[in-house]
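Trainee: In our numbering, the protein residues as written are 504 to 959.
Using N, Cα and C, we set each Cβ at its ideal position, and we do this for glycine too.
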């Protein structure tokens, strides 16, 4: 179907419009997404999200004839959200043993994977997807005037990478210098080994014959594997647009695209596209480096603040402990000589033995003293005079350390423990020394006074 008709169908919200777009572009978009992500599952998700964004933002596309590049630009944006690791292997074979040019296909794949990401993507869109220069510039977000220079750099990188793969494929045989370089090889070629092989080939007559001066990028990319979408993928993608439970997901995918340009193409995502090659790459790297340094500085300042607060809290806790010990020492030193201090913290409300729930009776009261059942009731046993330095014993309304309503006792007494074997439990209260009022004791008679006698 013509691109204009597809755009009109999408804008009119035709229920069959998304299926028509899938039939026209799914194979190409899926192959491009797999080449970027090197995985079938990731390519399926990227293709599905591309169609979701296209269906939601079709009204922003200014030129209907550029529907194809617009879809590629959206697919590129979705691929940048889930870029694979540099050393990730493809989930499909790059060559099979029934092919006669297996070695050439393997070398072509390794050479292409050795390119910078931008050069590799430009050659892919140019050679296998046949995008024009203006369309290619719109997809990758480069000015058209700089596209030719960037493509020349990409072709030069491909020639260099393929020459290094040819030298590595020959192995250490036939040239001692090449053998010395390949002695450090571990797996696939690294950028350092590739540069050393090329430097050796410039001054070596044997290896100089492998230097490629005219390499066809179309032939090299024609040897790469092509991923095709599975047949059941269309059903899964179409069900995403009809399932009401996925309405929230469709809204999320449509809104995370960000701001679109005036032409309707998505703006270049910052910090997500791989750098390398083309004008402005150095400027982008400087910006990312500056942002990285800024984040590191902010994290360092936050860490210093956290450490300072922790140290401050530790110092406060230590000083508080020193003050507590000093206050306890002063309280102990203020006790009278001969009086034993027995400091003990009063129990909180609702504790177990030794404390009464809802009362302020301290736990320092000796066992065996019966507490009053109600506040303000008179105690059933004589009060025990305790020194004021004994914490936990409430003081009376009189002077500190004295009886309630009386004068301070100059010689306070402490109940002595009952000797062992007396039959009385240690915790029982001391007997009342005053005689009962009903049986008053007879007054004691004064001793007789005798006059002194004189010894004659």
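Starting from residue 596 and walking both ways along the alpha helix (DSSP H), at which residues does that stretch end?
Mentor: Position 93 of the chain shown, counted from the first residue, corresponds to residue 596. Counting along the chain, residue 596 falls outside any alpha helix (DSSP H), and DSSP gives it neither H nor E.
Trainee: With distances taken Cα to Cα, identify the nearest neighbour of residue 723 among 537, 586, 618.
Mentor: Taking the chain shown and counting its residues from 1, one reaches residue 723 at position 220. When each option's Cα is compared against that of residue 723, the closest is 618.
Trainee: For a quick check, are the C-beta atoms of residue 541 and residue 594 less than 8 Å apart?
Mentor: Residue 541 sits at position 38 when you count from the first residue of the chain shown. Residue 594 sits at position 91 when you count from the first residue of the chain shown. A contact, by the Cβ cut-off of 8 Å.
Trainee: Between which two residues does the alpha helix (DSSP H) containing residue 647 stretch?
Mentor: Taking the chain shown and counting its residues from 1, one reaches residue 647 at position 144. Per DSSP, residue 647 belongs to no alpha helix (DSSP H) and is neither H nor E.
Trainee: Exposed or buried, what is residue 507 when buried is set at 16 or more other beta-carbons lying within 10 Å of its beta-carbon?
Mentor: Counting from 1 along the chain shown, the entry for residue 507 is found at position 4. Label assigned to residue 507: exposed.
Trainee: If I'm right that residue 608 touches residue 767 with Cβ under 8 Å, what's the distance once you round it to whole angstroms?
Mentor: The count along the chain shown starts at 1 and reaches residue 608 at position 105. The count along the chain shown starts at 1 and reaches residue 767 at position 264. Contact flag wrong, Cβ pair sits at about 38 Å.
Trainee: I'd like the list of long-range same chain contacts for residue 741, defined as Cβ closer than 8 Å, with 5 residues on each side in sequence excluded.
Mentor: Counted from its first residue, the chain shown places residue 741 at position 238. So the qualifying residues of the chain are 521, 522, 525.
Trainee: Quick one, which of 728, 615, 580 has its alpha-carbon nearest residue 718's?
Mentor: Along the chain shown, one-based indexing puts residue 718 at 215. The residue with the shortest Cα to Cα distance from residue 718 is 615.
Trainee: Are the CB atoms of residue 703 and residue 674 within a distance shorter than 8 Å?
Mentor: The sequence position of residue 674 within the chain shown is 171, counting from 1. The sequence position of residue 703 within the chain shown is 200, counting from 1. No, these two residues do not count as a Cβ contact at 8 Å.
Trainee: Can you have a look at residue 551 and say buried or exposed, based on whether 16 or more other CB atoms are within 10 angstroms of its CB?
Mentor: Locating residue 551 in the chain shown gives position 48, counting from the first residue. Residue 551 is classed as buried because its beta carbon has at least 16 other beta carbons within 10 Å across all chains shown.
Trainee: Going by the CB atoms, is the gap between residue 571 and residue 535 shorter than 8 Å?
Mentor: Against the chain shown, residue 535 aligns to sequence position 32. Against the chain shown, residue 571 aligns to sequence position 68. Cβ distance not < 8 Å, so residue 535 and residue 571 don't count as in contact.
Trainee: Just verifying my parser: in three-state terms, what is the DSSP assignment at residue 861?
Mentor: What you label residue 861 is simply residue 358 of the chain shown in a count that begins at 1. Any reading at residue 861 must be qualified, since the residue scores a pLDDT of 38, below 50, and its modelled position is unreliable; no value is offered.
Trainee: With a threshold of 6 Å on Cβ separation, who are the neighbours of residue 682 within its own chain once the five nearest residues in sequence on each side are excluded?
Mentor: The residue given as residue 682 occupies position 179 in the chain shown. 675, listed in sequence order.
Trainee: Suppose only complete runs of 3+ residues qualify. What are the beta strand (DSSP E) ranges in the region 532 to 573, listed by chain order?
Mentor: Within the region 532 to 573, not a single complete beta strand (DSSP E) segment reaches 3 residues in length.
Trainee: Look at the alpha carbon of residue 592 and the alpha carbon of residue 812, and state the distance between them as a whole number of angstroms.
Mentor: In the chain shown, counting from the first residue as 1, residue 592 sits at position 89. In the chain shown, counting from the first residue as 1, residue 812 sits at position 309. Rounded to whole angstroms, residue 592 to residue 812 spans 48 Å at the Cα level.
Trainee: By the three-class DSSP mapping on this structure, what secondary structure does residue 747 have?
Mentor: If you number the chain shown from 1, residue 747 lands on position 244. Three-state result, residue 747: helix.
Trainee: Would you check if there are 3 or more beta carbon pairs closer than 8 Å linking the region 646 to 665 to the region 621 to 638?
Mentor: yes
Trainee: Which residues in the same chain as residue 533 place their Cβ atom closer than 8 Å to its Cβ, once the five residues preceding and following it in sequence are excluded?
Mentor: Indexing the chain shown from 1 puts residue 533 at position 30. Around residue 533: 546, 547, 550, 730, 731, 732, 736.
Trainee: For a cutoff of 8 Å on Cβ pairs, would you count residue 554 as touching chain D?
Mentor: Annotation note: the requested chain D is absent from the structure, which comprises a single protein chain.
Trainee: With a threshold of 16 other CB atoms inside 10 Å of the CB of residue 660, please say whether the residue is buried or exposed.
Mentor: Taking the chain shown and counting its residues from 1, one reaches residue 660 at position 157. Result: buried.
Trainee: With a CB to CB cut of under 7 Å and the five nearest residues on each side skipped, what residues in its chain are close to residue 756?
Mentor: In the chain shown, the residue the question calls residue 756 occupies position 253. Hits under 7 Å: 552, 555, 556.
Trainee: For residue 516, which residues of its own chain have a beta-carbon under 7 Å away from its beta-carbon, when the five flanking residues on both sides are left out?
Mentor: Counted from its first residue, the chain shown places residue 516 at position 13. Around residue 516: no qualifying Cβ.
Trainee: Taking the C-alpha atoms as reference points, what is the distance between residue 762 and residue 725?
Mentor: Within the chain shown, the letter at position 259 stands for residue 762. Within the chain shown, the letter at position 222 stands for residue 725. Pairing residue 762 with residue 725, the inter-Cα distance amounts to about 36 Å.
Trainee: If residue 579 sits next to residue 510, beta carbons under 8 Å apart, how far is it from one beta carbon to the other, in whole angstroms?
Mentor: Taking the first residue of the chain shown as 1, we reach residue 579 at position 76. Taking the first residue of the chain shown as 1, we reach residue 510 at position 7. About 20 Å separates the two Cβ atoms, so there is no contact after all.
Trainee: Whose C-alpha, out of 746, 620, 573, is nearest the C-alpha of residue 588?
Mentor: One-based indexing of the chain shown puts residue 588 at position 85. Taking the Cα of residue 588 as reference, the smallest distance to any Cα among 746, 620, 573 is reached at 620.
Trainee: Taking 7 Å as the limit between beta carbons, can you name the residues of its chain near residue 626, skipping five residues before and five after?
Mentor: Indexing the chain shown from 1 puts residue 626 at position 123. Hits under 7 Å: 657, 661, 720, 724.
Trainee: Please classify residue 807: is it buried, with 16 or more other beta-carbons within 10 angstroms of its beta-carbon, or exposed?
Mentor: Within the chain shown, numbered from 1, the residue matching residue 807 stands at position 304. Residue 807 is exposed by the Cβ-count criterion.
Trainee: Taking buried to mean at least 16 other C-beta atoms within 10 Å of its own C-beta, is residue 581 buried or exposed?
Mentor: Residue mapping note: residue 581 aligns to position 78 of the chain shown, counting from 1. With 16 or more Cβ atoms within 10 Å of its Cβ, residue 581 is classed as buried.
Trainee: Does the distance from the CB of residue 667 to the CB of residue 685 come in under 8 Å?
Mentor: Within the chain shown, numbered from 1, the residue matching residue 667 stands at position 164. Within the chain shown, numbered from 1, the residue matching residue 685 stands at position 182. Not in contact: residue 667 and residue 685 (Cβ atoms no closer than 8 Å).
Trainee: Looking at the unbroken alpha helix (DSSP H) that takes in residue 610, where does it start and where does it end?
Mentor: The residue you call residue 610 lines up with position 107 of the chain shown. Taken as a continuous stretch (DSSP letters only), the alpha helix (DSSP H) holding residue 610 covers 605 to 616.
Trainee: Report the CB separation of residue 750 from residue 697 in whole angstroms; it is logged as a contact under 8 Å.
Mentor: Locating residue 750 in the chain shown gives position 247, counting from the first residue. Locating residue 697 in the chain shown gives position 194, counting from the first residue. With a Cβ gap of about 50 Å, residue 750 and residue 697 do not count as contacting.
Trainee: According to DSSP, what are the bridge partners of residue 769?
Mentor: Residue mapping note: residue 769 aligns to position 266 of the chain shown, counting from 1. Residue 769 pairs with 763.
Trainee: What's the call for residue 754, buried or exposed, on a 16-neighbour Cβ count within 10 Å?
Mentor: Taking the chain shown and counting its residues from 1, one reaches residue 754 at position 251. By the 10 Å Cβ count, residue 754 comes out exposed.
Trainee: Do residue 710 and residue 678 count as a contact pair if the criterion is CB distance below 8 Å?
Mentor: Mapped onto the chain shown, residue 678 falls at position 175. Mapped onto the chain shown, residue 710 falls at position 207. Yes, Cβ-Cβ distance for residue 678 and residue 710 is below 8 Å.
Trainee: Measuring alpha carbon to alpha carbon, tell me which of 765, 610, 796 ends up nearest residue 566.
Mentor: As a position in the chain shown, residue 566 is number 63, starting the count at 1. The shortest Cα separation from residue 566 among 765, 610, 796 belongs to 765.
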